[in-house]
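To keep things clear, I will list the structure first and then write my remarks on it.
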Amino acid sequence: MANVKLTDVAKTYGGTVNVLNNINLDIKTGELIVFVGPSGCGKSTLLRMIAGLEKITGGVLEIDGEEMNDVPPAQRGIAMVFQSYALYPHMTVRDNMAFALKLAKKTPTEIDEAVNRAAKVLQLDEYLDRLPKALSGGQRQRVAIGRSIVRDPKVYLFDEPLSNLDASLRVATRIEIAQLKESMPNSTMIYVTHDQVEAMTLASRIVVLANKGIAQVGSPLELYETPENEFVAQFIGSPAMNLLPGEVVSTGAVTGVKVDTGAGTIMANIPTKDSDMGLRVNVGIRPEDMTQTDADNYAFESTVAITEKLGEVTQIYFEQPDKDQNAVIGKLPGIRSGTRGQTMRMTAVPEKLHLFADGVSLLYRG
Amino acid sequence: MSPMMQGIITVVVGVGGCVGYFFLSNLILDKIIFPPKPGDKGRNINRAEMVRPWLFLFPALFALTLYLVYPVVGSFWRSLHDRSGDAFIGFDNYTTMFSDTAFQTAFFNNFMWVLVVPAGATFLGLLVAQLTDQLKWGNIAKSLIFMPMAISFVGASLIWRFVYANTPEIGIINALRDYVGLLPIDVLQIPFWNNFFLMVILIWIQTGFAMVILSAALRGIPEETVEAAIIDGANPFQVFFKIKVPQIMGTIVVVWTTITILVLKVFDIVYAMTGGNFETDILPSYMMNFMFRDDGRATAVAFVIMIIVLPVMVWNIRQARKEMQ
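Taken in order, these protein sequences are the chains called R and D. Going by the working numbering, the first sequence opens with residue 2, and the numbers climb by one from there. Going by the working numbering, the second sequence opens with residue 615, and the numbers climb by one from there.
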């Protein structure tokens, strides 16, 4: 039941190795914030700094308006769920959950009540007297979550909690976490993952971390529909957004662009100034927004190199004239057979186009 | 013949003998005893497969019988005979032994050794392992503490004779006493407590062993469980005693019992320091008093020691096996 505020937070190891810089973030009470980013971007480090397991080397962390930089983890009012569960192997499920309360010198009745309540919520009642090694992966992770619930923390921290689970269990546990969040509307949660689906389904807001800083903060659909820069555009969504170099040929409320690999002018629902005429841009089209066309105005024409038929969709990888560029991928609904080796013309509707100049979306220019 | 040649011949004969044994014994089994003749091919192959493990086990079983079972049985048989080994006297050696006050003292002293030394060495080893873990110069400290392990018990005893020497110029204890104006004493002659001064030597030697094993065990503890405990509000003592120690309990037990078994075997320290005088005898050194003079009584003591060690040994092996799973 608290907000978390980071102001200019930075992390440097040994005074020289800088991993995070200028992190400014205002997390409101009741939000579920997801940190995503490529591996090594510092998302876990940032979470561990909030937890107090890593020292904050610059800036200020506030929880509930109080500066927490030098407060020990236990007094920050946080609870953390680890990727490896981190259950105490020598304690029963009950003792695992009760450990923090015992340390806090709660009375046995209080402890029992809290543990039983958490066990009920997480359907662990039957397993309270078992050791962690007698539980399945999903049950272990529920115990780990239970261990944080009993402490009734202001802020929940999740460090890739589903990564150690197999695919089907991951989905089930993800839904459980979503339901848990719904049942505790006032608790603030911060969740680290590298899995986009988790980020998109769980988050109230997603924080994309890259290059030692925040690339964009926004609701999942904001990030998907209006990415601020090429990094976020390509990071969110799978397969990644295609970026095709082109040039602005008409300006106004709707911008016309000529794509180098295409022909004619295609229109994008993005306003531009007259001075943008002739600007070199990257035209972003998500694979799922690509449509086949016979018109003379199109974004891309090439031979189909590989098709992947996934049933609901067919992913089409086009021949790339320039080997250095990423493959252009189209995602067409249904099963499309016999397209391999064909030449296809692809385009997209104006509202689905993205324009980037120097890596930054034209929507977000100053 | 030069020693070099002797060595080479030994290696060739030894390795060749092993290879020859396994090859020939299997050959005989497959070609002569149970040849897969048409008619009872399947039956003979099955029979050969039932015999084969024993072919491989035989050398080990033979060596064990020769060097372990025979000595045990032989010792027991010897302990039922008199000094010269000619006359069978039944359990007389045992009854005289149990009524001997020197034996009773040795038994009681040994009991104290078993209580104090494994506990002391394991506790100190654990402490050192934990304290040096985070230090930059921890590995140097560990090497120094491990070093006594490389010294023989007699060598260690000689070193400690200097520590305990009853002249202030040599012994550190008496140097300290001298400094505060007390007269020098010989700590090895203080009844009862002199036992503890002897135990210190073995603890000094064994702490290094405990430290190395427990340090490895401590490193094996998942870091996240420690971090989770810190977040749960545990202070460093609680993290150590409630999270770390319980997780390495199996290893602690193995270290403890291994040292216990050692304690029941060490006679050198007592032998070199006091010769068992001043009521410092323990069972192994008590046994040494009779060895070569009255082997009947010596083997009787040996047998008592073996019976005491046996349950500790069984427990030790069980724990070690559990650890491996």
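For every residue, glycine included, the Cβ atom is placed at its ideal position computed from N, Cα and C.
Inset, instruction - Would you kindly work out how many angstroms separate the C-alpha atoms of P240/R and Y318/R, rounded to a whole number? - result: Along the first sequence, read from residue 1 onward, the residue named residue 240/R stands at position 239. Along the first sequence, read from residue 1 onward, the residue named residue 318/R stands at position 317. Distance from the CA of P240/R to the CA of Y318/R, rounded to the nearest whole angstrom, comes to 11 Å.
Inset, instruction - Compare the C-beta of G847/D against all C-beta atoms of chain R and say whether one is closer than 7 Å. - result: On the second sequence, residue 847/D is found 233 positions in, with the first residue counted as 1. Yes, contact with chain R.
Legend entry - Check whether L796/D and T888/D have beta carbons under 7 Å apart: Residue mapping note: residue 796/D aligns to position 182 of the second sequence, counting from 1. Residue mapping note: residue 888/D aligns to position 274 of the second sequence, counting from 1. The answer is no: Cβ separation not under 7 Å.
Legend entry - Element boundaries [beta strand (DSSP E), containing G257/R]: What you label residue 257/R is simply residue 256 of the first sequence in a count that begins at 1. Bounds of the beta strand (DSSP E) holding G257/R are 256 to 260.
Legend entry - Cβ neighbour criterion (16 or more within 10 Å) applied to W870/D: Taking the first residue of the second sequence as position 1, residue 870/D is located at position 256. Answer is buried; the Cβ neighbour count reaches 16.
Legend entry - Short-range partners of chain R found in the region 822 to 836 of chain D, where Cβ spacing is below 8 Å: So the list reads P836, given in the order they occur along the chain.
Legend entry - CA-to-CA distance, K213/R to T304/R, given in whole angstroms: Taking the first residue of the first sequence as 1, we reach residue 304/R at position 303. Taking the first residue of the first sequence as 1, we reach residue 213/R at position 212. Here the alpha carbon of T304/R sits roughly 39 Å from the alpha carbon of K213/R.
Legend entry - Touch test, the region 635 to 654 of chain D against the region 258 to 267 of chain R, Cβ-Cβ under 8 Å, three pairs minimum: Judged by Cβ distances under 8 Å, the region 635 to 654 of chain D makes no contact with the region 258 to 267 of chain R, as fewer than three pairs qualify.
Inset, instruction - Tell me, please, whether the CB atom of E937/D is closer than 7 Å to any CB atom in chain R? - result: Within the second sequence, residue 937/D is the residue found at index 323, counting from 1. Taking Cβ atoms only, chain R never reaches closer than 7 Å to E937/D, which makes this a no.
Legend entry - Within chain D, the residues that Y89/R reaches when beta carbons sit closer than 7 Å: Within the first sequence, the letter at position 88 stands for residue 89/R. Within chain D, the residues near Y89/R are T839, I857.
Legend entry - Own chain partners of E893/D with C-beta closer than 7 Å, once the 5 adjacent residues on each side are dropped: Walking along the second sequence from the start, residue 893/D turns up at place 279. Hits under 7 Å: T719, P805.
Inset, instruction - Identify which residue in A269/R, D153/R, V329/R, S137/R has its Cα closest to the Cα of Q235/R. - result: The residue you call residue 235/R lines up with position 234 of the first sequence. The option with the nearest alpha carbon to Q235/R is V329/R.
Legend entry - Same chain, Cβ closer than 7 Å to A735/D, neighbours up to 5 away in sequence not counted: Counting from one through the second sequence, the residue named residue 735/D turns up at place 121. Contacts found: I817, Q820, T821, A824, I873.
Inset, instruction - Kindly give me the distance between the Cβ atoms of K756/D and G864/D, rounded to whole angstroms, as I take these residues to be in contact under 8 Å. - result: Here residue 756/D is taken as the residue at index 142 of the second sequence, counted from 1. Here residue 864/D is taken as the residue at index 250 of the second sequence, counted from 1. Contact flag wrong, Cβ pair sits at about 22 Å.
Legend entry - Beta-carbon proximity of L356/R to V282/R, cut-off 7 Å: Here the question's residue 356/R lines up with position 355 in the first sequence. Here the question's residue 282/R lines up with position 281 in the first sequence. In contact: L356/R and V282/R (Cβ atoms closer than 7 Å).
Legend entry - Min CB distance I866/D to chain R below 7 Å: Here the question's residue 866/D lines up with position 252 in the second sequence. No - not a single Cβ of chain R is within 7 Å of the one on I866/D.
Legend entry - Test: P850/D CB closer than 7 Å to a CB of chain R: The sequence position of residue 850/D within the second sequence is 236, counting from 1. Using beta-carbon distances, P850/D does not count as an interface residue toward chain R, since no partner is under 7 Å.
Inset, instruction - In angstroms with no decimal places, state the Cα-to-Cα distance between D299/R and V284/R. - result: In the first sequence, the residue the question calls residue 299/R occupies position 298. In the first sequence, the residue the question calls residue 284/R occupies position 283. Residue 299/R is actually Tyr in this sequence, not Asp. Straight through space, the alpha carbons of V284/R and Y299/R are spaced by roughly 12 Å.
Legend entry - E68/R beta carbon less than 7 Å from that of V61/R: Here residue 61/R corresponds to residue number 60 of the first sequence, with the count starting at 1. Here residue 68/R corresponds to residue number 67 of the first sequence, with the count starting at 1. In this structure, E68/R lies closer than 7 Å to V61/R by Cβ.
Inset, instruction - Show which residues of chain D have a CB atom less than 7 Å away from the CB atom of P74/R. - result: On the first sequence, residue 74/R is found 73 positions in, with the first residue counted as 1. Around P74/R, the beta-carbon contacts reaching into chain D at under 7 Å are I844, I845.
Inset, instruction - Can you pull the chain D residues whose beta carbon is under 9 Å from the beta carbon of L129/R, in chain order? - result: Counting from one through the first sequence, the residue named residue 129/R turns up at place 128. In chain order: nothing, as chain D lies at least about 18 Å away.
Legend entry - Integer-rounded CB distance, given that I57/R should sit under 8 Å from V10/R: As a position in the first sequence, residue 10/R is number 9, starting the count at 1. As a position in the first sequence, residue 57/R is number 56, starting the count at 1. Confirmed, about 6 Å.
Inset, instruction - Tell me, please, whether the CB atom of M104/R is closer than 7 Å to any CB atom in chain D? - result: Here residue 104/R refers to the residue found at position 103 of the first sequence. Looking at the sequence itself, residue 104/R is Leu, so the reference to Met does not match. Yes, because at least one Cβ of chain D sits closer than 7 Å to the Cβ of L104/R.
Inset, instruction - Kindly list, in the order they appear in chain D, the residues whose Cβ is closer than 9 Å to that of I368/R. - result: In the structure displayed, chain R extends from 2 to 367; residue 368/R sits before or after that span and is not available.
Inset, instruction - Indicate whether at least one CB of chain D lies closer than 7 Å to the CB of L181/R. - result: To locate residue 181/R, count along the first sequence from 1; it is residue 180. When Cβ-Cβ separations below 7 Å define contact, L181/R makes no contact with chain D.
Inset, instruction - Please report how far the alpha carbon of K12/R lies from the alpha carbon of Q316/R, in whole angstroms. - result: As a working mapping, residue 12/R is identified with position 11 in the first sequence. As a working mapping, residue 316/R is identified with position 315 in the first sequence. Distance between the alpha carbons of K12/R and Q316/R is about 41 Å.
Inset, instruction - Using a Cβ cut-off of 7 Å (strictly closer), state whether F159/R contacts chain D. - result: Numbered from 1 along the first sequence, position 158 holds the residue referred to as residue 159/R. By this cut-off, F159/R is not an interface position.
Legend entry - Three-state class that DSSP yields for N212/R in the structure shown: One-based indexing of the first sequence puts residue 212/R at position 211. Three-state DSSP puts N212/R in coil, outside helix and strand.
Legend entry - At least 3 beta-carbon pairs within less than 8 Å: the region 894 to 906 of chain D vs the region 779 to 792 of chain D: A contact is defined here as three or more CB-CB pairs under 8 Å, and the region 894 to 906 of chain D fails this definition with respect to the region 779 to 792 of chain D.
Legend entry - Beta-carbon contacts of V826/D that lie in its chain and below 7 Å, excluding the five residues immediately before and after: The count along the second sequence starts at 1 and reaches residue 826/D at position 212. Once the five neighbours on either side are set aside, the close Cβ partners of V826/D are F760.
Inset, instruction - Go to Q321/R, then tell me how far its beta strand (DSSP E) extends in each direction, as first and last residue. - result: Start at 1 with the first residue of the first sequence, and residue 321/R comes out as number 320. Taken as a continuous stretch (DSSP letters only), Q321/R belongs to no beta strand (DSSP E), as it is neither H nor E.
Legend entry - Own chain residues within Cβ distance below 6 Å of F159/R, not counting five before or after: Sequence index remark: in the first sequence, residue 159/R carries index 158 (1-based). Excluding positions up to five away in sequence, the list reads V82, Y192.
Inset, instruction - Identify each residue in the region 726 to 748 of chain D for which the Cβ-Cβ distance to at least one residue of chain R is less than 8 Å, and report them in chain order. - result: Against chain R - using a Cβ distance shorter than 8 Å - the region 726 to 748 of chain D contributes no residues.
Inset, instruction - Pull up the distance between the alpha-carbon of F636/D and that of V683/D, whole angstroms please. - result: Residue 636/D sits at position 22 when you count from the first residue of the second sequence. Residue 683/D sits at position 69 when you count from the first residue of the second sequence. When rounded, the distance between both Cα atoms is 24 Å.
Inset, instruction - Select from the region 699 to 726 of chain D all residues with a C-beta closer than 8 Å to any C-beta belonging to chain R, and list them in chain order. - result: Cβ contacts with chain R come from no residue of the region 699 to 726 of chain D.
Inset, instruction - Could you tell me whether the Cβ atoms of R341/R and T308/R are closer together than 7 Å? - result: Residue mapping note: residue 341/R aligns to position 340 of the first sequence, counting from 1. Residue mapping note: residue 308/R aligns to position 307 of the first sequence, counting from 1. Against a cut-off of 7 Å, the Cβ pair of T308/R and R341/R comes out as a contact.
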